[in-house]
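Right, one structure below, let's go through it.
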Amino acid sequence: MSTQKVGLREIRRGTPPESVGLGNFETILDNDLFWSALRNTVLFAVFAVTFTLVVGTLVGLLINRLGKKMSKLVIVGCMAAWAVPPVAVGVIWRWLADADAGIINWFLNLLPDWLAAPPDGQTSWTGYPWLNDVLPIYVILTIAVVWQSFPFIAVSVLAGLKSIPSELYEAAKVDGSSAFRTFWKITMPLLKPVFAVLTVLSIIWDFKVFNQLFILAGGTTNREAFNLSMYAYAEAFRSPPKMGSGAAIAVLLTLILLVVTAVYVRQIVKQEDIR
1 MSTQKVGLRE IRRGTPPESV GLGNFETILD NDLFWSALRN TVLFAVFAVT
51 FTLVVGTLVG LLINRLGKKM SKLVIVGCMA AWAVPPVAVG VIWRWLADAD
101 AGIINWFLNL LPDWLAAPPD GQTSWTGYPW LNDVLPIYVI LTIAVVWQSF
151 PFIAVSVLAG LKSIPSELYE AAKVDGSSAF RTFWKITMPL LKPVFAVLTV
201 LSIIWDFKVF NQLFILAGGT TNREAFNLSM YAYAEAFRSP PKMGSGAAIA
251 VLLTLILLVV TAVYVRQIVK QEDIR
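Anchor point for the sequence shown: position 272 equals 272 in UniProt numbering, and the numbering is continuous, going up by one each time.
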């Protein structure tokens, strides 16, 4: 479909789609909106993947130090957040960021002005529209995605920690190694395969985030907030529908993910060969 001209007219009439070769790709690449969406996608993925891995790793290390009953309780609580559907996550965080009734503005009003002063010309945070601008949308989106994604990282890291022989930590303790040095010299190298898989999965998931962004941005009206998934959806289904162009964007997104994943995996393999 990415090499064809497919729209509502062709679907209604039942006529065969017209082949346009690479025309859809040329049109997309010449559009500034594609590069804006690509920039949003990459920047969001960088921050979301980084924070998800860091928070998930810290929580995994914390759970590993807890007792059996407490660790099970924390795991169940974390996985409850991970099991929430993406659409529900978007709705929850849209409510939290609501201009008039959102908890975010309510909490900011409780803080002193020297810590969280209201925007210029306003006496309070009530009514401040967080979801009208691109930057606040993506900040809230990053928080929402990290909140939902870190439990999977935490449980995976915990499983990797359980597989590390305790004798290694006992030997490091006898040698007087600090907690950070023990983590960097023992835990980190042994968990590198786990982190490699988790990083690839996180990149794939965060590059194609759609549901949460669609809800936070209020649909496809804010073109500046598009990522590649939203851009593909808008091209394919917004009037006039251009499904061929939407398919072309989806193909480009897939190719980008393949390249990023291949480069990352290759770097990991090179490091292992050097060692």
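Note that CB positions come from ideal geometry on N, CA and C, so glycine has one too.
Remember, it's a predicted structure, so these values are computed and weren't measured experimentally.
Within the same chain, and ignoring the five residues on either side of Leu108 in sequence, the residues whose Cβ sits closer than 6 Å to its Cβ are Ala116 and Trp125. In the structure shown, Lys208 falls within a coil segment according to DSSP collapsed to helix, strand and coil. Lys192 and Lys173 have their alpha carbons spaced roughly 22 Å apart. Straight-line spacing of the CA atoms in Val265 and Ile203 works out to 12 Å. In terms of CA proximity to Gln148, Val89 leads the group Val89, Ala37, Ala217 and Ala250.
The segment 54 to 73 makes contact with the segment 144 to 162: 3 or more CB pairs, one atom from each, lie closer than 8 Å. Nearest in C-alpha terms to Phe195, of all of Phe226, Met70 and Leu53, is Leu53.
In the structure shown, Val84 adopts coil according to DSSP, grouped into three states. Using a 10 angstroms sphere on the CB of Trp130, the tally of other CB atoms reaches 16 or more, which defines it as buried. Taking one beta carbon from each stretch, the segment 174 to 189 and the segment 198 to 215 have fewer than 3 pairs nearer than 8 Å; the two do not touch. In the three-state DSSP reduction, Gln148 falls in the helix class (H, G or I). The count of Cβ pairs closer than 8 Å, one atom from the segment 81 to 96 and one from the segment 133 to 146, reaches three, so the stretches are in contact. The DSSP assignment places 166 to 174 and 179 to 182 as complete runs of the alpha helix (DSSP H) inside the segment 146 to 195, in order along the chain (cut-off: 4 residues).
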